[in-house]
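Enquirer: Line by line, the protein sequences give chains L and P. The first sequence: position 156 = 156 (the numbering used here), numbered continuously. The second sequence: position 226 = 1226 (the numbering used here), numbered continuously. Quick reminder that beta carbons are idealized off the backbone N, C-alpha and C, glycines included. I'd like to ask some things about the structure below.
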Amino acid sequence: MTEPLLRVRDLKTYFVTERGSGTARAVDGVSFDLFPGETLGLVGESGCGKTVTALSLLRLIPEPPGHILPGSTIELEGRNVLALAPRELRAVRGAEIALVFQEPMTSLNPVFTVGDQIAEVGIVHQGLSRRAARARAIELLRLVGMPDPETRVDDYPHQLSGGMRQRVMIAMALVCHPKVLIADEPTTALDVTIQAQILELLKRLQAELGMAVILVTHDLGIVAGTADRVLVMYAGQVMEAARTVDLFAQPLHPYTEGLLASVPRLDAQRTRLHSIPGQVPAATAWPGGCRFHPRCPYAWDKCAVEEPPLAGTGTHVARCWLVQEPERRTARA
Amino acid sequence: MNIRAFAALCGALACALLALTETRKFASMSAAGRRFLRHPPAAGGLFVLSFFVAVAVAAPWVAPYDPAHALEIVSLQNQPPSLLHPLGTDLYSRDVWSRLVYGARVSLSIGALAMLVAVTLGAVVGAVAGYARRWVDPLLMRAVDVGLAIPRIFLLLMAIALWERVPLPLLVLLIGLTGWFGTSRLVRAEVLSLRERDFVLAARALGAGRRRIILRHVLPNVAAPIIVSAALGIGNVMLLEAGLSFLGIGVPPPLPSWGNMIADGAAHLTTAPWTTLFPGLAIALVVMALNAVGDALRDALDPRKEMA
């Protein structure tokens, strides 16, 4: 097996809340590997720690109130990202690991042309001249499928549509050929046809440039179409990790099951859409035992007391007692 | 007053009119420019300002006499306005019009330069305080509170008392150094809200450093309020300069400024009112013009109106 590009072990990002009333354990012991060239889906409901995980990888958590706990490890090709000096960290950001944000409407600076903003990345990281950086910006706009890049390069963000702005954001992320591209809900703010275009674009770029992609999303449909492997997150923890095909064929965790059942399908009989009862608890007070047990249809007394470990076979693991006692699933159903 | 001076004056008027029509043409092309033109006083203010700037630039041609030269010590003291001396002469038999013209140079440039110093300093301090937060912000802002709590004129009096005769650049610097407190508060407030915007996080994610983010990403977004506060501030600085000169510690004579012209003529207010009236009018006109332009700019540059 090849060496992982990015190795995350026991990542814990906590936030100290106002008035010291508690600690929000937004990310609580997340571990995963990212291999060169693969797409990893990071799935979960709002408030389960997906975005904080993504931001933690680049140490973009606002400090205070947030902090990454000392025991955590984030290694990029063997270098510990958490131990980098500010200058080294800035050299990683945008050049080796790049981030595409959820909101293309607000993630671009309104007072600069998009060309200037793409060019800036090249000027900062590669010391390009103004002219060379501009040429690179046009080249990248063409790469991300912007129509008429020579004139669009001088447009201001408010002159572009949402989809085009997201293309600009992706172009900014690609300036330095990053090894890892983190896309944090890249399509959430866009309408469906544009979503498909942007995902198609990401896939094409990944194939052309050979980067690894972490795709953060709450939409399992997107994951099914793009990711090679999936991490299902809940309450700051990884609940299930599997190759995409295995996950969809046979989800191990009841939470994944619930998520899959909540996706509207065209090929099934029309019934009421399933929903997981309740909502994600506050990050300051995760439930004891298994964090999903208050919402779990299979939960029994053990679940409320003892936290299950990630267990399973090889590439498919889940944090659930059902893995050890599969007979309980059928008993209930 | 001779033909040459009259022609130059007409030229200055023409320049001002030209500047006004050109600005109108330019402004009507953008939404912000049209909002600016919707203020009727703004056009008048712009005209007054460009007229005085033109006069100040062309002072050697517009002024018929040397502003510091006493023409005829005995017969020309405090003469009322006449054809030869359109605004009269002062106690030292100097031509008031010529002094007013050269005074425009001094007064306007002090106003503009001191404001430049103040705005630059205020913007930097405000941006640093707003972006850094932690202990830097309270430290800087309490310093600003102290600065605002002490009346500016006393601060200046204390500073100026250290020198026997204040050179002009120092005066500009001192006025600038005591005038940045308000601007820094304004900028800090804007920066506090801007730093939470997504594009700042995006810039950090792409590897931009602190200084780059403040200078390239945050400050340009505060340009509108800075410009407005500068336009309104110049008028204030000019009044301050006039006040200091009136107290005899501003612009050193015989160099004419509008403030020290009023000071010179004050003793003869009843017998020779023209020596104080005209520089006073000039100050009032320019300050009103600056306020009108500043107000119009405030409306024009407000980004919230961009959507409407």
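Give a yes or no on whether the minimum CB-CB distance between L:Glu103 and chain P is below 8 Å.
Expert: Counting from 1 along the first sequence, the entry for residue 103 of chain L is found at position 103. Answer yes: the Cβ-Cβ gap between L:Glu103 and chain P drops below 8 Å somewhere.
Enquirer: Determine the chain P residues that contact L:Met164 at a beta-carbon separation under 7 Å, and present them in chain order.
Expert: Taking the first residue of the first sequence as position 1, residue 164 of chain L is located at position 164. By Cβ distance, chain P contributes nothing, its closest Cβ being about 16 Å from L:Met164, past 7 Å.
Enquirer: Could you compute how far the alpha carbon of L:Glu334 sits from the alpha carbon of L:Pro104?
Expert: Given that chain L is displayed from residue 1 to residue 333, the structure contains no residue 334 of chain L and the question cannot be resolved.
Enquirer: Helix, strand or coil: which one does DSSP assign to L:Tyr14?
Expert: Stepping through the first sequence from its first residue, residue 14 of chain L is reached at position 14. L:Tyr14 falls in the strand class under three-state DSSP.
Enquirer: Which of the three DSSP states is assigned to L:Phe112 in this structure?
Expert: Against the first sequence, residue 112 of chain L aligns to sequence position 112. Coil, per DSSP.
Enquirer: Quick one, which residues of the region 1196-1230 of chain P are near chain L if we go by CB-CB under 8 Å, in chain order?
Expert: Arg1197, Asp1198, Phe1199, Leu1201, Ala1202, Ala1203, Arg1204, Ala1205, Leu1206, Gly1207, Ala1208, Gly1209, Arg1212, Arg1216, His1217, Pro1220, Asn1221 and Ala1223
Enquirer: Taking the alpha-carbon positions, what's the L:Leu6 to L:Ala173 distance?
Expert: Locating residue 6 of chain L in the first sequence gives position 6, where the first residue counts as 1. Locating residue 173 of chain L in the first sequence gives position 173, where the first residue counts as 1. Their Cα atoms are separated by approximately 18 Å.
Enquirer: I need the DSSP call for P:Leu1017, collapsed to helix, strand or coil.
Expert: Here residue 1017 of chain P is taken as the residue at index 17 of the second sequence, counted from 1. Three-state DSSP puts P:Leu1017 in a helix.
Enquirer: Consider the Cβ of L:Leu60: report whether some Cβ of chain P lies at a distance smaller than 8 Å.
Expert: Within the first sequence, residue 60 of chain L is the residue found at index 60, counting from 1. So, interface residue.
Enquirer: Can you tell me the Cβ-Cβ gap for L:Glu257 and L:Thr217, rounded? I've got them flagged as a contact below 8 Å.
Expert: Translated into positions along the first sequence, residue 257 of chain L becomes position 257. Translated into positions along the first sequence, residue 217 of chain L becomes position 217. Rounded, the Cβ-Cβ distance is 18 Å, inconsistent with contact.
Enquirer: Alpha carbon to alpha carbon, what distance is there between L:Asp28 and L:Ala333?
Expert: Here residue 333 of chain L is taken as the residue at index 333 of the first sequence, counted from 1. Here residue 28 of chain L is taken as the residue at index 28 of the first sequence, counted from 1. For L:Ala333, the pLDDT reaches just 49, beneath the cut-off of 50, and the residue's location in the model is therefore unreliable, although a value from the coordinates is still provided. The straight-line gap from Cα to Cα measures roughly 31 Å.
Enquirer: Mind checking whether L:Ala227 and L:Gly41 have CB atoms under 8 Å apart?
Expert: For this step, residue 227 of chain L is matched to residue 227 along the first sequence. For this step, residue 41 of chain L is matched to residue 41 along the first sequence. Result yes, Cβ atoms of L:Ala227 and L:Gly41 sit closer than 8 Å.
Enquirer: Let me check understanding here. Comparing Cα to Cα, which of P:Ile1003, P:Arg1298, P:Leu1113 and P:Ala1042 lies closest to P:Thr1021?
Expert: What you label residue 1021 of chain P is simply residue 21 of the second sequence in a count that begins at 1. Ranking the options by Cα distance to P:Thr1021, first place goes to P:Ala1042.
Enquirer: For L:Arg7, write down the residues that DSSP places opposite it in a beta bridge.
Expert: Here residue 7 of chain L is taken as the residue at index 7 of the first sequence, counted from 1. Partner(s): L:Asp33 and L:Glu75.
Enquirer: Do you know whose CA, among L:Thr2, L:Pro4, L:Thr13 and L:Gly22, lies nearest L:Ala282's CA?
Expert: On the first sequence, position 282 is the one that residue 282 of chain L refers to. If we check each option's Cα against that of L:Ala282, L:Gly22 comes out closest.
Enquirer: Buried or exposed: which applies to P:Asn1260, given that a residue is buried once 16 or more other Cβ atoms fall within 10 Å of its Cβ?
Expert: Taking the second sequence and counting its residues from 1, one reaches residue 1260 of chain P at position 260. That one is buried.
Enquirer: Using beta-carbon positions only, say whether L:Val153 and L:Leu160 come within less than 8 Å of one another.
Expert: Locating residue 153 of chain L in the first sequence gives position 153, counting from the first residue. Locating residue 160 of chain L in the first sequence gives position 160, counting from the first residue. No; because the gap between Cβ atoms is not below 8 Å, this pair is not in contact.
Enquirer: Taking the alpha-carbon of L:Arg9 as reference, which of L:Ala132, L:Leu57, L:Leu199 and L:Ala137 has the nearest alpha-carbon?
Expert: Here residue 9 of chain L is taken as the residue at index 9 of the first sequence, counted from 1. Minimum Cα distance to L:Arg9 is reached at L:Leu57.
Enquirer: Give me the Cα-Cα distance between P:Arg1024 and P:Thr1178, rounded to the nearest whole angstrom.
Expert: Your numbering for residue 1024 of chain P matches position 24 in the second sequence. Your numbering for residue 1178 of chain P matches position 178 in the second sequence. Looking at the two C-alpha atoms, the distance is approximately 35 Å.
Enquirer: Would you report the Cα separation of L:Thr39 and L:Leu89, rounded to the nearest angstrom?
Expert: Counting from one through the first sequence, the residue named residue 39 of chain L turns up at place 39. Counting from one through the first sequence, the residue named residue 89 of chain L turns up at place 89. Taken atom to atom, the span from the alpha-carbon of L:Thr39 to that of L:Leu89 is near 24 Å.
Enquirer: Count the other CB atoms, across all protein chains shown, that sit within 10 Å of the CB of L:Arg131; report buried if there are 16 or more and exposed otherwise.
Expert: In the first sequence, the residue the question calls residue 131 of chain L occupies position 131. By the neighbour-count rule (16 or more Cβ atoms within 10 Å), L:Arg131 is not buried but exposed.
Enquirer: Closest Cβ-Cβ distance between L:His177 and chain P: below 8 Å?
Expert: Within the first sequence, numbered from 1, the residue matching residue 177 of chain L stands at position 177. By this cut-off, L:His177 is not an interface position.
Enquirer: May I ask which residues mark the beginning and end of the alpha helix (DSSP H) holding P:Tyr963?
Expert: Outside the shown range of chain P, which is 1001 to 1308, sits residue 963 of chain P, and nothing can be said about it.
Enquirer: So, for P:Ala1127: in the same chain, excluding its five sequence neighbours on each side, which residues have a beta-carbon less than 7 Å away from its beta-carbon?
Expert: Translated into the one-based positions of the second sequence, residue 1127 of chain P becomes position 127. If we look at P:Ala1127 and ignore the five residues flanking it on each side, its Cβ neighbours are Val1187, Val1191, Ile1214, Val1218 and Leu1219.
Enquirer: Considering only residues of the region 191-221 of chain L, which uninterrupted beta strand (DSSP E) runs meet the minimum length of 3 residues and lie entirely inside it, listed in chain order?
Expert: 212-217
Enquirer: Using a cut-off of 8 Å between C-beta atoms, extract the partners of L:Val111 located in chain P.
Expert: The sequence position of residue 111 of chain L within the first sequence is 111, counting from 1. Near L:Val111 (Cβ distances below 8 Å), the residues of chain P are Pro1220, Asn1221 and Ala1223.
Enquirer: Within its chain, find whatever has a CB closer than 8 Å to the CB of L:Leu215; leave out the 5 residues flanking it on each side and keep chain order.
Expert: Taking the first residue of the first sequence as 1, we reach residue 215 of chain L at position 215. Contacts found: Thr39, Leu40, Gly41, Leu42, Ala183, Pro186, Leu202, Ile222, Val223, Thr226 and Ala227.
Enquirer: Run down chain P in chain order and give the residues with a C-beta less than 8 Å from the C-beta of L:Ile271.
Expert: Translated into the one-based positions of the first sequence, residue 271 of chain L becomes position 271. The sequence shown places Thr at residue 271 of chain L, rather than the Ile named in the question. Here the premise fails: no neighbours, minimum Cβ distance about 39 Å.
Enquirer: So, for P:Ile1262: in the same chain, excluding its five sequence neighbours on each side, which residues have a beta-carbon less than 7 Å away from its beta-carbon?
Expert: Counting from 1 along the second sequence, the entry for residue 1262 of chain P is found at position 262. Ala1242, Phe1246, Thr1276, Pro1279 and Gly1280.
Enquirer: With burial defined as no fewer than 16 other Cβ atoms inside 10 Å of the residue's Cβ, what is the status of L:Met164: buried or exposed?
Expert: Within the first sequence, numbered from 1, the residue matching residue 164 of chain L stands at position 164. Result: buried.
Enquirer: May I have the straight-line CA-CA distance separating P:Asn1291 from P:Arg1298, to the nearest angstrom?
Expert: Numbered from its first residue, the second sequence carries residue 1291 of chain P at position 291. Numbered from its first residue, the second sequence carries residue 1298 of chain P at position 298. CA-CA distance, P:Asn1291 to P:Arg1298, rounds to 10 Å.
Enquirer: Below 8 Å, can you find three or more Cβ-Cβ pairs linking the region 1054-1064 of chain P to the region 1009-1016 of chain P?
Expert: yes
Enquirer: What is the DSSP secondary structure of P:Gly1088, reduced to helix, strand or coil?
Expert: Translated into positions along the second sequence, residue 1088 of chain P becomes position 88. If DSSP states are grouped into helix, strand and coil, P:Gly1088 belongs with coil.
Enquirer: For L:Leu99, go through chain P and note every residue whose CB falls closer than 7 Å to its CB, in chain order.
Expert: Walking along the first sequence from the start, residue 99 of chain L turns up at place 99. The answer, in chain order, is Ala1205.
Enquirer: Can you tell me the Cα-Cα spacing of L:Gln102 and L:Ala189, whole angstroms?
Expert: By one-based count along the first sequence, residue 102 of chain L stands at place 102. By one-based count along the first sequence, residue 189 of chain L stands at place 189. In this structure, the straight-line span from the alpha carbon of L:Gln102 to that of L:Ala189 is close to 7 Å.
Enquirer: Looking at the structure shown, is P:His1268 part of a helix, part of a strand, or coil, going by DSSP?
Expert: Start at 1 with the first residue of the second sequence, and residue 1268 of chain P comes out as number 268. When DSSP states are grouped into helix, strand and coil, P:His1268 belongs to the helix group.
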